[in-house]
Every structure is written in C-alpha cells, then in structure tokens.
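Undergrad: For the sequence shown, the positions run 1 to 467 when the UniProt record's numbering is used.
After the structure tokens below, expect a handful of questions from me.
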Amino acid sequence: MKHIDKEPFESLSEEQLKEIEQFIEEPLTDERLMTIKNRVKREIENENNEKEEKVVPMKKRGNKRYMWVAAASLMLLVGFGMRDEIKIAYQRAFGIEGEQLLKQADSLDEVAEDQGLRLTAKNSFKDGDTTYVMMTLQDLEGDRLAKDTQIDAWEMLNGGNTRVVDYNEKTKTAVLLTSAISWKEHENQGFLLRRFKSHEQESTNQVALNWDKLIQPQPEWEKLKVSDGIGGGYRSEALDAHKLDFDELASQNLKPGVLNQPLDETEQIILENAAYKDGLLHLLVRYPNDFQHDYLDVSLNNEGKVIENIASFNAGRGTHRDETGRTDFIEFVFDVKEDTLKKAQLSVETRSMKEVVEGNWAIRLAEPTALKKQELSDVALTSHTQFTKLSFSGLSLTGMLTSDTAEEIPVELIAVLKDGSKKTLIAEEDQVVLNSEDADQSLMFNYISLEEVQTLYLNGKELPLSD
C-alpha cells in the first residue's frame with residue numbers, strides 16, 4: 001500500500017487516511033465513483049445532523065469532516081485524473097480490453113522538460129519487434145497543445161509512429177502513443193521528441209483571375225530531376241483518355257518566376273507560371289516551404305461547377321534549406337478548354353498549423369516487458385501460399401509467408417472464446433491483405449486477452465491455442 005504524507009491531510013484520522021489509500025490503489029469504476037459520492041454525501045448529512053443536535057457546534061470535528069470531503073474531491077480530481085486518462089488512451093488505442101493490456105505494461109516515471117512543456121513516460125510494453133510507449137505531454141505555460149496536435153519530428157529505434165490519442169483541455173495534457181519498430185540491436189532504447197504542431201487552420205479562397213494575361217503563349221519548360229520531385233497524384237482515367245503516362249507528364253515542369261500572381265490574402269501562395277501543353281492547362285504554384293504550412297490543393301470553379309485537377313507533382317529549386325523535406329513548387333494539371341477557363345475562378349484550399357514548437361525532450365527507456373505469445377501451427381492460405389512460424393499475442397498475429405507466386409490475400413480473422421462466443425478481430429470489410437511477396441507479416445487488431453481465446457480462424461482455417 002502506498003504511503004501518504006499526512007500533509008495536507010493532517011486533520012484526518014488514520015482510519016480516514018486508510019480509506020483514501022484504497023481509493024488510490026484501485027481503479028475508478030462507476031461503482032467506486034458512486035461509493036465516493038455517497039460517502040461524501042453521508043458525511044455532509046451527518047455534519048448537518050450533528051449541528052442540529054448540539055447546542056455548541058463541534059468546530060474541530062466539523063473541520064475534520066470537511067477535510068474528508070476536500071480530500072475525497074482531491075482524489076477524484078488529481079489521484080484518478082491521470083490514471084483514467086491513460087486508461088482511456090489505452091482503450092482508444094487498443095480497444096475496449098485495452099485496460100487489461102495496461103496492467104501488463106511496465107510503469108515508468110521518466111521526465112523531460114523544455115520550452116515550458118513536460119514530457120513524462122508513463123508505461124511501456126513490447127510486442128514482437130514493436131515497442132509501445134505511452135507518454136503525457138503537458139504545457140506548463142500556455143495553450144500550445146490541442147486535440148489536433150501532430151508529433152512532427154521524433155526518434156526511437158528504427159522509427160514507427162507517434163500520435164496523440166487523448167487530450168485534456170483542462171490540464172493542458174496530451175497523451176502520446178509511440179509504436180517503434182526495431183530490426184537490429186540498439187544500445188539506446190530512449191525516445192527523443194524534437195517538434196510538434198497544433199491548432200489546425202483551414203481556408204478556401206476563390207480567386208478571380210485575368211487568364212488572358214496570365215497564360216503564356218510560348219512557355220519555357222524544364223526537365224525535372226527525379227530527386228527534385230517528391231510525391232504527387234493523378235486520376236488514371238483522365239490520363240488514359242489523353243494517352244498520357246504520369247511519369248512522363250511529371251518529367252518536366254514550367255519554369256518558375258515568370259509570374260508573380262498572389263493567390264491568397266497573405267500573398268504567400270504565388271502563381272509563378274501558367275500555360276497550355278497538349279490541350280492541358282498547367283499551373284505552377286509556389287507554397288510556403290516551412291513546417292507551419294503542410295497542405296495545398298487548387299481546383300477551378302466555373303459558375304458553380306467544380307473542375308478538379310487531373311494530376312499534380314512537386315518541383316524543387318533549392319531556394320530553401322530543405323528543412324521540411326518538401327519542394328518549393330507544385331504543378332497542377334487540368335483538363336479544361338480555354339473558353340471554359342476564361343469564366344472560371346481558381347479555388348485555393350490550404351491547411352496550416354498555428355503552433356509549431358521545437359525543443360529537445362529526451363526520455364531514457366529500458367527494454368520493456370514483452371507480451372506473452374502462443375505459437376500456432378502453420379497454415380496454407382492458398383494452394384500457392386503458406387503462413388508459417390505463427391505467433392499470437394492478443395494484439396498481433398505474426399509469421400512468415402512463403403509462396404511460389406505473387407498474390408494479395410484478403411484477411412478475415414475470428415477468435416472463438418472459451419465461453420463459446422465469437423469475436424471478429426479483422427473483418428473482410430477492413431480490407432486487410434497479405435502480400436505474398438513480403439515474407440515478414442504482422443496482422444494488428446484490437447487487444448484480446450490470450451486467456452480468453454480457445455481458437456483462431458484465419459480465412460476459415462482453424463488455429464487452436466494450447467491450454
């Protein structure tokens with residue numbers, strides 16, 4: 001049982017302190033919450049009854065009772081607050097049985113502070129090659145965190161994913177979940193947070209343009225190096241109609257700096273070139289190359305009819321320090337006739353983050369406890385593909401695929417529990433597939449306790465668990 005310093009509860013009796021202790025040790029359920037509320041209510045009623053019965057109020061005794069009320073309230077607000085945040089975060093991240101997973105995790109209390117923010121590692125566990133760490137990030141000085149906080153730069157093992165799974169606006173605390181993969185030995189098991197962003201701002205501007213003055217009759221085109229182009233997208237049916245290949249389309253771009261036409265009120269988004277080629281309209285747009293701005297898309301609006309771009313690709317010109325990993329320009333391609341374009345406005349959709357916070361929050365971590373696993377029998381998924389060396393942890397099903405052909409195999413995974421009920425871990429509509437060309441496979445799903453499961457059915461193939 002935890003030791004409680006009697007300060008600030010010096011007026012409480014030993015018996016009252018012991019009652020508070022048990023509330024600290026045990027999780028806060030609806031039943032226990034009602035118990036506390038009833039206890040507080042009863043103490044207040046007793047206090048009022050005693051005041052009515054006594055001619056001289058028992059002031060000292062009364063203070064003790066109100067201290068009990070205050071102490072119980074404090075336990076509700078503080079003692080349970082963080083534990084419940086973590087429990088809720090586990091349920092959101094790992095499903096309704098996530099609380100059972102929390103009980104298996106190693107408790108941590110490593111802290112790092114920088115820029116007026118405190119990062120605290122709360123607990124961790126390991127599932128195969130993946131280490132999970134639950135942390136809290138609290139703003140001690142302002143409101144730089146929010147529900148939409150994005151963990152933008154971090155380091156741990158060979159990488160993975162870090163995301164916000166819960167945010168408490170009252171305490172200004174975000175709960176972070178990191179899943180980091182390791183495929184080699186690491187001397188440093190620690191976590192390093194370098195940057196996060198928050199407070200998303202979206203805007204859509206309709207811009208009326210004089211297209212006759214903007215369209216270049218004799219445009220200059222430049223070859224685009226593969227290293228300069230990052231990302232992009234296209235509508236395959238539209239390119240097929242023009243017998244175009246996306247790689248060929250994106251192999252050259254308009255020369256920048258020909259125009260200087262602002263497309264937003266801040267004059268940070270600039271149309272730098274516009275021209276037709278092979279019947280398609282090309283627009284070269286410069287977008288702020290910083291961490292704050294992270295999305296840009298443009299479309300045309302012709303008297304209420306939206307004309308989406310059929311392709312876009314990025315082009316870099318080395319005009320920045322490459323801090324973001326993005327390029328300076330995006331070239332948008334439209335299938336629109338010149339007569340239609342003259343009546344159209346340009347719709348500019350952007351997304352940016354109000355807060356971008358950089359710092360150095362380093363947490364030292366030890367090798368966590370690994371989840372128990374059950375080894376399962378090999379199974380033939382198709383006549384060509386075998387799933388071997390299977391192990392089941394309740395959070396994942398991992399194994400090796402061996403196949404003599406390339407195929408994608410849709411997955412359905414059902415657990416039959418020891419009480420006879422069934423639970424779908426992966427449904428057909430989840431559209432999870434196994435690619436036979438990838439040897440190492442890991443199927444993830446909401447947590448279910450190993451002790452509850454009698455048998456797994458993978459695509460109808462029985463995989464019994466041993467007792």
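Ideal Cβ placement from N, Cα and C applies to all residues, glycine included.
(1) So is GLU375 buried or exposed if we call it buried at 16+ other beta carbons inside 10 Å?
(2) In whole angstroms, give me the CA-to-CA distance for SER251 and ASN301.
(3) Is THR136 buried or exposed, if buried means 16 or more other CB atoms sit within 10 Å of its CB?
(4) Under 7 angstroms, do GLU407 and SER436 count as touching if we go by C-beta distance?
(5) Over the uninterrupted beta strand (DSSP E) stretch that includes LEU117, give me the two end residues.
(6) Nearest to HIS164 by CA position, among GLU452, VAL175 and GLY304, is which residue?
(7) For the candidate residues SER383, ASP378 and GLY142, whose alpha-carbon lies nearest to that of LYS389?
(8) In this structure, does DSSP put TRP211 in helix, strand or coil?
(9) Checking the sheet assignment: what are the DSSP bridge partners for MET353?
(10) Spell out a yes or no on whether the segment 263 to 277 and the segment 209 to 224 are touching, meaning 3 or more CB-CB pairs, one atom from each, closer than 8 angstroms.
(11) Mapping the DSSP letters down to three states, classify ARG235 as helix, strand or coil.
(12) Would ARG326 be called buried (16 or more neighbouring beta carbons within 10 Å of its own) or exposed?
(13) Measuring straight from C-alpha to C-alpha, what distance separates SER442 and ALA370?
(14) The beta strand (DSSP E) that contains LEU365, what's its start and end?
(15) Hey, quick one: how far does the beta strand (DSSP E) through GLN454 stretch, first residue to last?
(16) So is ASN123 buried or exposed if we call it buried at 16+ other beta carbons inside 10 Å?
(17) On the three-pair Cβ rule with 8 angstroms, is the segment 451 to 465 touching the segment 412 to 426?
(18) Express the C-alpha separation of PRO410 and LYS305 in angstroms, rounding to a whole number.
(19) Below 8 angstroms on the Cβ atoms is my guess for LEU395 versus MET444; work out the distance and round it to an integer in Å.
TA: Reading from the atomic positions:
(1) As a position in the sequence shown, residue 375 is number 375, starting the count at 1. By the Cβ-count criterion, GLU375 is exposed, with fewer than 16 other Cβ atoms from all chains shown falling within 10 Å of its own Cβ.
(2) The residue labelled residue 251 in the question sits at position 251 within the sequence shown. The residue labelled residue 301 in the question sits at position 301 within the sequence shown. Taking the CA atoms as reference points, SER251 sits about 28 angstroms from ASN301.
(3) Stepping through the sequence shown from its first residue, residue 136 is reached at position 136. So THR136 ends up on the buried side.
(4) For the purposes of this step, residue 407 is taken as the residue at position 407 of the sequence shown. For the purposes of this step, residue 436 is taken as the residue at position 436 of the sequence shown. Contact flag set, yes.
(5) Within the sequence shown, numbered from 1, the residue matching residue 117 stands at position 117. Per DSSP, the unbroken beta strand (DSSP E) holding LEU117 starts and ends at 117 to 127.
(6) As a first step, residue 164 must be located in the sequence shown, where it is residue number 164. A quick correction: the sequence has Val, not His, at residue 164. It is VAL175.
(7) By 1-based counting over the sequence shown, the position of residue 389 is 389. Selected option, being the one with the closest Cα: ASP378.
(8) For the purposes of this step, residue 211 is taken as the residue at position 211 of the sequence shown. TRP211 carries a helical assignment under DSSP once its states are collapsed to helix, strand and coil.
(9) Stepping through the sequence shown from its first residue, residue 353 is reached at position 353. Within the DSSP bridge table, the entry for MET353 names GLU200 as partners.
(10) Counting Cβ pairs under 8 angstroms, three or more are found: they touch.
(11) On the sequence shown, position 235 is the one that residue 235 refers to. Assignment of ARG235 by DSSP, reduced to helix, strand and coil, places it in the coil class.
(12) For the purposes of this step, residue 326 is taken as residue 326 along the sequence shown, with counting starting at 1. With a threshold of 16 other beta carbon atoms within 10 Å, ARG326 meets it and is buried.
(13) Residue mapping note: residue 442 aligns to position 442 of the sequence shown, counting from 1. Residue mapping note: residue 370 aligns to position 370 of the sequence shown, counting from 1. The straight-line gap from Cα to Cα measures roughly 16 angstroms.
(14) In the sequence shown, the residue the question calls residue 365 occupies position 365. No beta strand (DSSP E) contains LEU365, which DSSP labels as neither H nor E.
(15) Residue mapping note: residue 454 aligns to position 454 of the sequence shown, counting from 1. Membership of GLN454 in the beta strand (DSSP E) is indicated by the continuous run 453 to 458.
(16) Counted from its first residue, the sequence shown places residue 123 at position 123. Looking at its Cβ environment, which holds 16 or more other Cβ atoms inside 10 Å, ASN123 is buried.
(17) Flag = yes, the segment 451 to 465 and the segment 412 to 426 touch.
(18) Position 305 of the sequence shown, counted from the first residue, corresponds to residue 305. Position 410 of the sequence shown, counted from the first residue, corresponds to residue 410. Distance between LYS305 and PRO410, taken at the CA atoms: about 39 angstroms.
(19) Taking the first residue of the sequence shown as position 1, residue 395 is located at position 395. Taking the first residue of the sequence shown as position 1, residue 444 is located at position 444. In this structure, LEU395 and MET444 form a Cβ contact; the two beta carbons are roughly 7 angstroms apart against a cut-off of 8 angstroms.
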